[in-house]
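A.B. asks: Position 80, counted from 1, in the sequence shown is what the numbering used here calls 81; the numbers after and before it change by one each time, with no gaps.
Glycine is no exception: its CB is placed at the ideal position from the N, C-alpha and C atoms.
All of these numbers come straight from a predicted model, not from anything done at the bench.
This is the structure I have questions about; it appears just below.
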Amino acid sequence: MKTALTDRELESFGTPDPRILVCGCGGSGNNTMNRITHIGVEGAITVAINTDKQDLDLTRAMQKLLVGRHITRGLGAGGDPVMGRRCAEAGRDVIGKIVHG
């Protein structure tokens with residue numbers, strides 16, 4: 002039984018293009034997105050997720066997602082992890098679509 006592939010067989014698969022997705026959640030995560038954009042990391046898709054619309058507007062990520070808008074009215078979770086979790090759960094489907102492409 003043959004289990005190893007020859008170089009020619011391996012070359013036939015080609016080189017896959019990796020998909021790099023960097024998600025920043027909340028204020029500190031959004032600050033990380035700004036830093037990644039500022040230093041010029043290439044080849045990565047950056048996504049900022051936040052409950053605070055004002056903070057999200059200032060973020061330089063390629064994609065932005067305001068979660069829990071009906072819960073916080075876009076004013077943020079105020080550092081409350083329970084509130085942040087509720088908002089993230091409310092946006093679970095959209096977050097899943099972004100992450101899974």
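If you draw a straight line from the C-alpha of P19 to the C-alpha of V100, how long is it?
C.D. replies: In the sequence shown, counting from the first residue as 1, residue 19 sits at position 18. In the sequence shown, counting from the first residue as 1, residue 100 sits at position 99. Near 14 Å, if we compare the C-alpha coordinates of V100 and P19.
A.B. asks: Thinking C-alpha only, which one of G92, G102, R61 is nearest G28?
C.D. replies: Within the sequence shown, residue 28 is the residue found at index 27, counting from 1. The candidate whose alpha carbon is nearest that of G28 is R61.
A.B. asks: Taking Cβ positions, are G92 and L66 nearer each other than 8 Å?
C.D. replies: In the sequence shown, residue 92 corresponds to position 91, counting from 1. In the sequence shown, residue 66 corresponds to position 65, counting from 1. For G92 and L66, yes; Cβs fall inside 8 Å.
A.B. asks: Restricting to Cα atoms, I'd like to know which of C24, P82, N51 is closest to R74.
C.D. replies: If you number the sequence shown from 1, residue 74 lands on position 73. If we check each option's Cα against that of R74, N51 comes out closest.
A.B. asks: Quick one: residues in its chain with C-beta nearer than 8 Å to the C-beta of D56, no 5 flanking neighbours on either side, listed in chain order?
C.D. replies: Taking the first residue of the sequence shown as position 1, residue 56 is located at position 55. Result list for D56: G28, N31, G77, in chain order.
A.B. asks: How many whole angstroms separate the CB atoms of L22 and I46, which I take to be in contact at a CB cut-off of 8 Å?
C.D. replies: The residue labelled residue 22 in the question sits at position 21 within the sequence shown. The residue labelled residue 46 in the question sits at position 45 within the sequence shown. At roughly 5 Å, the Cβ-Cβ gap stays under 8 Å, so L22 and I46 are in contact.
A.B. asks: Just grab the DSSP bridge partners of T47 for me.
C.D. replies: The count along the sequence shown starts at 1 and reaches residue 47 at position 46. T47 pairs with V23.
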